[in-house]
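One structure is given below, encoded as structure tokens.
What follows is the structure, given as structure tokens:
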């Protein structure tokens, strides 16, 4: 795999992206996951198959996967906001750069405080997460068996400055094979699944996505 960061300009609207062998992401499997994200109105990475030559040597077909920056958010028609990796400790993309901007510095500390309050049980999940979008996302994951994308090292979250809530950015939808590990017991999913308001939305979307007519339309479109 090769991570690309252009010094000037963009390619296909991107300044940062990754090139990978398709086998790394199960061929078309991951591509389909990103298409479902976009179809469901969720933040989706640009994800294409491209013919690659490196220093004049033909390498064949690679996956091109968009990296995480403001262009990703803009391409999804959202106002620029923070992109997070919900590990312990919480990681924020380009945090050092953001802290140099007084207006963005305030948002960085606010989000960190919100996340800390949530982890300590002082903040209800619906005060931190966009329930509609998170429930759609988890339903997509369950539909394609892509729980690997829910692992905290894989998922990314977007803090929407308009709603003040976190939204999912899905990636690595490859098949999850470790049946002994219940992914929904990881934070933040355990608290979401403990809330009947959230699980009602989740079940609603599971039913909708698993209808034959929904699946037939998806297959026809893509």
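In this note's numbering, the protein residues as written are 12 to 233. Idealized CB from N, CA, C, for every residue including glycine. Here the structure is a predicted model, which is why all the values come from computation and not from measurement.
As computed with DSSP, residue 28 is found in a beta bridge with 15 and 77. By the 16-neighbour rule on beta-carbons within 10 angstroms, residue 200 is buried. Taking a contact to require three or more Cβ pairs closer than 8 Å, the stretch 78-97 and the stretch 49-61 qualify as touching. In the displayed model, residue 102 falls within a strand according to three-state DSSP. If you draw a straight line from the Cα of residue 218 to the Cα of residue 177, it comes to about 24 Å. Put simply, the backbone Cα of residue 78 is about 7 Å away from that of residue 29. Nearest to residue 100 by alpha-carbon distance, out of 127, 89 and 115, is 127.
The DSSP assignment places 142-155 as complete runs of the alpha helix (DSSP H) inside the stretch 118-167, in order along the chain (cut-off: 4 residues). Rounded to whole angstroms, the Cβ separation of residue 226 and residue 151 is 12 Å, and the two are not in contact under 8 Å.
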